[in-house]
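Student: Here's a structure for you.
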Amino acid sequence: MRGAAGTADDPGERSVAVIGAGPSGLSVLERICANVRSVGGDTRLRMHLVDPYVEAGGRVWHRDQPGRLWMNTVAGTVTMFTDATVDCEGPVRPGPTLHEWAVAQGTPLSEDSSLDPLVPETSRQRWASRRVMGEYLRWFLEHVEEQCPPGVTVERHATVAVEVTSRVARGRTTQLVRLQGRDEALECDYVVFAYGGPGSALTARQKRLRDAARSSGGSYVPAGTASVEAVAAVAAGEPVLMRGIGLTFYDYLQLLTTERGGRFVREKPGSLTYVPSGREPRIMVGSRRGVPHRPAPWPQLPLPRQCVVPRWPDADSLFAAARVSDPAAAVADIKRRVTYEAEYAYYFELFASHPDRVASAWDEFSVRLRQARAGGRARLAMVTAAVRSSEDVFDLERTTDPLREATFGDLGSLQTWMRRHVAASSRRSMSPDHSADRAALTALSRVSNLLVEMPRDGLRRESTEAVAGVRRWLASQIKYLAGGAPWPRQEELIALSRAGVVTFLGPIGEVTADGTGRLRCRSLCVPDTEIHFSSLVEARMPDPAAGTPVVSSTEAPVRLSTAACADGVSGGVVPAARAPKFRVSDAGQVLTPSGMPDPHWYAVGASAATPTHSSLPRVRMNSALLRRTDRIARSVLADLRRHQED
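Quick look at the structure:
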């Protein structure tokens, strides 16, 4: 327990439970402390912070994990503090970035020596290990506790919240938060759900795959955060399929290669070799797209020039498009316009920054671009005539699905193509010659933020679902274009492929069990190729769109989990063993089934069905997470003050 004086028996004291002590939960705590005096007045407040990893930086960032598991963002851009760019009503309280904190503390960002020839040990462009981020978050919590204003107390609970129930007595509504291993529930005025990525129960098909793998001596690892324990049963030399080529896949690669004694050797610049330990399994990898996500653009690259037109999508136009009577038509129309927005920004940057690669003037080209029908032959012919190289022609669909309709004569040919593709994608993300890619990505990100922030009032249910479909599509495009592992990891993947440790399958079909119980699948781009393996690793996070329920506050008890996969939900709301997600208002309040905001429940981050962020807060980037947590803090404090004055 930290902070100013105050006891649970104080009748004038109010309390808030924050379930989850990762970046979202800690930011809510900091914003409440920052706003309490200006909004809450003389409110005496007890903050309950509930998370089994509350002392270790949260589940994802906890200290007891291998040091070779990196963050995906360079240390110099990560922060937990507001700055002048954050558009919030609360006070701005700047503080050190992860890099600045680590340098001041004398803490190495990463103990991974393989990075040393590429990025200096103290560079702000270096990737930190996750456990260093966990230390930063633990320090941030202690910093917030030390800065608590008088009358505010922070109490840590290193356990799981398993049930939240509302009780009305004597005109006052109280939230009962029951903790695992504790007899008495916490009595709170408000609950903020800020737990991490929700898990989901295995489907009937996944259970059959698990049983088949076990019957043949293999193992099945469900979707979720990578851990040493999850793949401990995967034996050396065993054929294992990793389904998914995103960030979780790269974590599993480390756990199955370098964590088992393998090492990378750099004999000369640009040449990386993997030396196996003999303890690695035979790793096969495939996914829906079949190719790894592109790495994020190198932060040291100059920003693309600002494109201010046409900027069609804004909150009003998106709202109008979503309200048409045909939701399918609305989805198609919004996708077309969003793609055009990205295309326009792409060519603006190409013409402005790389005039030697175009054959016409921007003013003439931009007029013709706006007039030509999207996707038409005349438009393609016009673009081809104006752009000197086919590599500079913008095609979002081709870029984000490069193996669509592609075929190879054998797996060996696919390996050669894939290594070249991964190398080319990494070079492109590192090169200032392709700043137009970054301009298109900026345009897509801007529209994505608009969709998240767009008001829901006045939309029919079908229209709301249509907007959610567009948002998922757009998130998928952005994740592919810039959500991949850091470029050194891509280089390591190529080395693992050359060493024969990793075999690319490209897009894969359904995984089934053969007559002997062994698992099998087909590569969709190598005809007549069937792959057999004994273990299956779902190398991805659970897909919220594939079965994770959306729940709202009701009079029935709702059982919850802070750590992704615990007790799920009971009380007849949704099936047990499913971690819930919440529909939320613009202020972050959980919406009831009727669409009204619950005055006592809030949700932020991955616990919300429409999270406002997909990454950690970044310095000088007007963080959506920090904007949302500030709104939640001020809403809670304003309501507390109203009740105090009544």
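Per my numbering, the very first residue in the sequence shown carries number 17; after that it's consecutive. For each residue, glycine too, the CB sits at the ideal point set by N, CA and C.
Quick one: is Gln506 buried, meaning 16 or more other Cβ sit within 10 Å of its Cβ, or exposed?
Tutor: By 1-based counting over the sequence shown, the position of residue 506 is 490. It counts as buried.
Student: On the CB-based measure, 16 or more other CB atoms within 10 Å of its CB, does His659 come out buried or exposed?
Tutor: Reading the sequence shown from its first residue, position 643 is the one you call residue 659. Exposed is the call here.
Student: Suppose you measure from the CA of Ala338 to the CA of Ala482; what does that come to, to the nearest Å?
Tutor: The residue labelled residue 338 in the question sits at position 322 within the sequence shown. The residue labelled residue 482 in the question sits at position 466 within the sequence shown. In this model, Ala338 and Ala482 are separated by some 7 Å (Cα to Cα).
Student: Hey, is Glu137's beta-carbon within less than 8 Å of any beta-carbon in chain C?
Tutor: Considering every chain present, this structure includes no chain C. It has just one protein chain.
Student: Following the continuous beta strand (DSSP E) through Pro255, name the residue where it begins and the one where it ends.
Tutor: On the sequence shown, residue 255 is found 239 positions in, with the first residue counted as 1. For Pro255, the enclosing beta strand (DSSP E) begins and ends at 255-259.
Student: Give the secondary structure of Pro448 by DSSP, where H, G and I count as helix, E and B as strand, and everything else as coil.
Tutor: Looking up residue 448 in the sequence shown gives position 432. Residue state, collapsed to three classes: helix.
Student: Beta-carbon within less than 6 Å of Leu467's beta-carbon, same chain only, minus the 5 sequence neighbours each way: which residues are those?
Tutor: As a position in the sequence shown, residue 467 is number 451, starting the count at 1. Same-chain partners within the cutoff: Arg487.
Student: Whose C-beta lies closer than 6 Å to the C-beta of Pro107 among residues of the same chain, with five residues either side of it excluded?
Tutor: Start at 1 with the first residue of the sequence shown, and residue 107 comes out as number 91. By the criterion of a C-beta distance shorter than 6 Å, Pro107 is surrounded in its chain by Ala50, once the five residues flanking it on both sides are discounted.
Student: How about the segment 178-187 and the segment 77-91: do they share at least three Cβ pairs that are nearer than 8 Å?
Tutor: no
Student: Give the straight-line distance between the Cα atoms of Phe265 and Gln222, rounded to the nearest whole angstrom.
Tutor: Working through the sequence shown from its first residue, we reach residue 265 at position 249. Working through the sequence shown from its first residue, we reach residue 222 at position 206. About 19 Å.
Student: Could you tell me the distance, in whole angstroms, from the CA atom of Ser382 to the CA atom of Tyr363?
Tutor: On the sequence shown, residue 382 is found 366 positions in, with the first residue counted as 1. On the sequence shown, residue 363 is found 347 positions in, with the first residue counted as 1. The straight-line gap from Cα to Cα measures roughly 8 Å.
Student: Please name the residue, chosen from Ala210, Val652, Thr645, Gly74, that lies closest to Val47 on a Cα-to-Cα basis.
Tutor: Against the sequence shown, residue 47 aligns to sequence position 31. It should be pointed out that residue 47 corresponds to Arg in this sequence rather than to Val. With distances taken between Cα atoms, Arg47 lies closest to Thr645.
Student: Note down the Cα distance separating Asp58 from Ser145, rounded to an integer number of angstroms.
Tutor: Stepping through the sequence shown from its first residue, residue 58 is reached at position 42. Stepping through the sequence shown from its first residue, residue 145 is reached at position 129. When rounded, the distance between both Cα atoms is 41 Å.
Student: Taking only the alpha-carbon atoms, compute the straight-line gap between Leu45 and Val94 and give it to the nearest angstrom.
Tutor: Looking up residue 45 in the sequence shown gives position 29. Looking up residue 94 in the sequence shown gives position 78. Straight-line Cα distance between these residues: approximately 18 Å.
Student: I need the straight-line Cα distance from Ala603 to His616, nearest angstrom please.
Tutor: Within the sequence shown, the letter at position 587 stands for residue 603. Within the sequence shown, the letter at position 600 stands for residue 616. Rounded to whole angstroms, Ala603 to His616 spans 12 Å at the Cα level.
Student: In this structure, does DSSP put Cys204 in helix, strand or coil?
Tutor: Within the sequence shown, the letter at position 188 stands for residue 204. In this structure, DSSP gives Cys204 an extended state, which the three-state scheme calls strand.
Student: Alpha carbon to alpha carbon, how far is Gly533 from Leu218? Give it in angstroms, no decimals.
Tutor: Counting from one through the sequence shown, the residue named residue 218 turns up at place 202. Counting from one through the sequence shown, the residue named residue 533 turns up at place 517. Going by the C-alpha atoms only, they are around 19 Å apart.
Student: Return the residue from the list Arg194, Arg172, Val170 that minimises the CA-CA distance to Glu179.
Tutor: On the sequence shown, residue 179 is found 163 positions in, with the first residue counted as 1. Comparing Cα positions, the closest option is Arg194.
Student: Roughly how many angstroms separate the alpha carbons of Phe280 and Gly500, rounded to a whole number?
Tutor: Reading the sequence shown from its first residue, position 264 is the one you call residue 280. Reading the sequence shown from its first residue, position 484 is the one you call residue 500. Approximately 20 Å between the Cα atoms of the pair.
Student: Of all the options Leu131, Glu508, Glu116, which has the alpha carbon lying nearest to the alpha carbon of Trp155?
Tutor: Locating residue 155 in the sequence shown gives position 139, where the first residue counts as 1. With distances taken between Cα atoms, Trp155 lies closest to Glu116.
Student: When we look at the beta-carbon of Ile35 and count the other beta-carbons within 10 Å, is it buried (16 or more) or exposed?
Tutor: Within the sequence shown, numbered from 1, the residue matching residue 35 stands at position 19. Per the 10 Å Cβ criterion, buried.
Student: Should Ala72 be labelled buried (16 or more other beta-carbon atoms within 10 Å of its own) or exposed?
Tutor: Taking the sequence shown and counting its residues from 1, one reaches residue 72 at position 56. With 16 or more other Cβ atoms within 10 Å, it is buried.
Student: So, Val354 versus Val463, is the Cβ gap smaller than 8 Å?
Tutor: Here residue 354 corresponds to residue number 338 of the sequence shown, with the count starting at 1. Here residue 463 corresponds to residue number 447 of the sequence shown, with the count starting at 1. Yes, the Cβ-Cβ distance between Val354 and Val463 is below 8 Å.
Student: Can you give me the C-alpha to C-alpha distance between Thr98 and Leu521, rounded to a whole angstrom?
Tutor: Looking up residue 98 in the sequence shown gives position 82. Looking up residue 521 in the sequence shown gives position 505. Taking the straight line from one Cα to the other gives about 44 Å.
Student: Let me confirm a value: Tyr296 is counted as buried when at least 16 other C-beta atoms fall within 10 Å, else exposed. Which label applies?
Tutor: Taking the first residue of the sequence shown as 1, we reach residue 296 at position 280. The amino acid occupying residue 296 in the given sequence is Glu; Tyr does not appear at that position. Answer is buried; the Cβ neighbour count reaches 16.
Student: Does the separation of the CB atoms of Val55 and Arg444 fall below 8 Å?
Tutor: Here the question's residue 55 lines up with position 39 in the sequence shown. Here the question's residue 444 lines up with position 428 in the sequence shown. Between Val55 and Arg444, the gap from beta carbon to beta carbon reaches 8 Å or more.
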